[in-house]
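Asker:
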Amino acid sequence: MRPFSVLMFITIGLLLITRHPAISERLPQPTLFLYTNDPDDVIMEGDTISIFCETKYRNAKKFFLTCLSTNETIEQKGSHFSLSQITSGAHTCKYCDGASCSEPSDPEHIYVRDALPEPIISVTPSKIVHFGDRITITCSAHYENVIFSLYKGNKLVKEAAASTNTTSYEIQNIGRENAGQYMCWYKKTTNNRLIQSHPSDPLMIRIKDLPKPTVSLEFPEGDSGSVIIHCAAPRTDSRMWFQLLRENKIVEQEKEDTQENKATFTIKDLNEKYNCIYRIRIGTDFADSKLSDVVFLGKGDHTTGNIIRLIFAAVVLIATGLILRKHLSEDQNLEEPAPDLPAARVLLVKESVEMEIQMQHEPAKENEYKSI
């Protein structure tokens, strides 16, 4: 072979190797992407989903989508797979250019549901309440425009269509018949099919009437800017919690996890109304007592000495007023002349001496009163 022919053969071979990645190197690994109409990528049976096998290699001739759990493979020319029937499990894709194929993509796990995700059930103000309290049970779904069903045990309590993703059920005056376990479901129409969700977690409503605590005040000597509030529960539990609440039910202070049946709170803000409660734990929930009597602390000097002085000043003021009233009344009786009266019995009191005068039926004479 001539040197020129050998050189040409080598050059053509190098060009073929560099132009054909299947011979010089493996094809780039693709990436599998999943697209659904659901914001949480929830796939229901019968839903249509889109799977893309993306690659930077432009000469791919065929694409393959494989379900690893069943070894089922779908082959097509394009990289976009539109599927209305898909099996749960890990899926991969690859592509080929002639006899050369890429490595499979990293697996994408697909979960196909036969029911909608369960709703969330909650209650306000608490799971453990007093007789006569008002509670609100709320069910929340992942979707809007659904039909909610609320059950107490096996009994349907409420069924309602909601344009939003929540519905509420209010019990105005809770009684023993309202206590128990509640659960909720929802239904939604998708792809012309009515699909029901899984049930929510159970919600247990209990009634526990804990009596209210007693509340008392203590005014520290020499400290006019603070007041001590004592909150005492009528019962003792192994673990107790105490809370001091403002009038708007905001927690001002809290004593946590104590074995005593009382707690002490020191207050600096005196221009407020306060209540206190105690709490006990039942399972994983808290049971609150009824509110104590209201304590109102107005601004001012609350030391014991000043309180005594204020009481003494009030007594002196009242006594002075009574004496002044009596004095004015006596002066009025002395200064005012007696009017002409018909015959009558008149009782005059002067200097603690009572004198009774029998009047005549005739009109009184001018000097008839001068002898008195």
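In this note's numbering, the protein residues as written are 123 to 494. Virtual Cβ for every residue (Gly too), placed ideally from N, Cα, C.
Determine, using beta carbons only, whether E225 and K216 come nearer to each other than 8 Å.
Answerer: Yes, these two residues count as a Cβ contact at 8 Å.
Asker: Mapping the DSSP letters down to three states, classify H252 as helix, strand or coil.
Answerer: The answer is coil: DSSP assigns H252 none of H, G, I, E or B.
Asker: So which of N300, F186, C175 and N393 has the shortest CA-CA distance to D255?
Answerer: Ranking the options by Cα distance to D255, first place goes to N300.
Asker: Report yes if the C-beta of I372 is less than 7 Å from at least one heavy atom of the ligand SAH; otherwise report no.
Answerer: With respect to the ligand SAH, the structure shown offers nothing to examine, as it has no ligands at all.
Asker: Can you tell me whether N276 is helix, strand or coil according to DSSP?
Answerer: Here N276 sits in coil by DSSP.
Asker: According to the neighbour-count rule (16 or more other Cβ atoms, all chains shown, within 10 Å of its Cβ), is N370 buried or exposed?
Answerer: Exposed.
Asker: Give the DSSP bridge partners of S172, in chain order.
Answerer: Answer is Y157 and S204, bridged to S172.
Asker: Can you list, in chain order, the residues of its chain with a C-beta nearer than 7 Å to that of S262? Leave out the 5 residues immediately preceding and following it.
Answerer: If we look at S262 and ignore the five residues flanking it on each side, its Cβ neighbours are P241, I242, N287 and T288.
Asker: Quick one: what's got a C-beta closer than 8 Å to V416's C-beta in the same chain, skipping five residues either side?
Answerer: Counting only Cβ-Cβ distances below 8 Å, and skipping sequence neighbours, we find E369, K395, Y396 and N397.
Asker: What distance in whole Å lies between the Cβ atoms of N314 and A355, which are believed to be in contact at a cut-off of 8 Å?
Answerer: Wrong, their Cβ atoms sit about 60 Å apart, outside the cutoff.
Asker: Do F253 and I296 come within 8 Å of each other at the CB atom, strictly closer than that value?
Answerer: Yes, they are a contact pair.
Asker: Taking the beta strand (DSSP E) that H213 belongs to, which residues open and close that run?
Answerer: Here the beta strand (DSSP E) through H213 covers G211 to D219.
Asker: Rounded to a whole number of angstroms, what is the C-alpha to C-alpha distance between Y179 and A284?
Answerer: Their backbone Cα atoms lie some 49 Å apart in a straight line.
Asker: Name, in chain order, the residues that DSSP records as bridge partners for N397.
Answerer: Looking at the DSSP assignment, N397 forms a beta bridge with L367.
Asker: Around the C-beta of I250, are 16 or more other C-beta atoms found within 10 angstroms, so that it is buried, or is it exposed?
Answerer: The residue in question, I250, is buried, as its Cβ has 16 or more Cβ neighbours within 10 Å.
Asker: Please report the Cβ distance between I165 and Y233, rounded to the nearest whole angstrom; I am assuming they are in contact, meaning their Cβ atoms lie under 8 Å.
Answerer: That belief holds up - the Cβ atoms of I165 and Y233 are roughly 7 Å apart, short of 8 Å.
Asker: Pull up the distance between the alpha-carbon of L278 and that of I257, whole angstroms please.
Answerer: Between L278 and I257, the C-alpha separation is close to 18 Å.
Asker: What do you get for Y265, buried or exposed, if any count of 16 or more other CB atoms within 10 angstroms of its CB means buried?
Answerer: Burial call: buried.
Asker: Between L392 and L419, is the Cβ-Cβ spacing less than 8 Å?
Answerer: Contact: yes.
Asker: Can you tell me the Cβ-Cβ gap for E176 and T158, rounded? I've got them flagged as a contact below 8 Å.
Answerer: Their Cβ separation, rounded to whole angstroms, is 17 Å, which puts E176 and T158 out of contact at 8 Å.
Asker: When DSSP labels each residue in this structure, what does K309 get in the three-state scheme?
Answerer: The answer is strand: DSSP assigns K309 an E or B state.
Asker: Can you check DSSP and say which residues form a bridge with S290?
Answerer: Answer by DSSP bridge pairing, in chain order: T260.
Asker: From which residue to which residue does the beta strand (DSSP E) around T188 run?
Answerer: Segment K184 to C189, the beta strand (DSSP E) holding T188.
Asker: Where P150 and L190 are concerned, what is the direct C-alpha to C-alpha distance, given to the nearest angstrom?
Answerer: So the two alpha carbons sit approximately 21 Å from each other.
Asker: Considering Cα atoms alone, identify which of Q375, T214, G220 and A435 is closest to T188.
Answerer: When each option's Cα is compared against that of T188, the closest is T214.
Asker: Rank S204, F434, F364 and G211 by C-alpha distance to the C-alpha of V373 and give the top, closest one.
Answerer: Comparing Cα positions, the closest option is F364.
Asker: Taking DSSP as the reference, what is the three-state secondary structure of H424?
Answerer: The pLDDT assigned to H424 is 45, lower than 50, so where the model puts this residue is not dependable, and the model offers no usable value.
Asker: Judging by CA-CA distance, which residue of P342, T336, D169 and D219 is the nearest neighbour of Y400?
Answerer: Among P342, T336, D169 and D219, the Cα nearest to that of Y400 belongs to T336.
Asker: Could you tell me if L339 is buried or exposed, where buried requires 16 or more neighbouring beta carbons within 10 angstroms of its beta carbon?
Answerer: It counts as exposed.
Asker: What residues in its chain sit with their C-beta under 6 Å from that of T170, if we drop five residues either side in the sequence?
Answerer: S206.
Asker: Note the first and the last residue of the continuous beta strand (DSSP E) segment covering K384.
Answerer: Its beta strand (DSSP E) spans residues K384 to I389.
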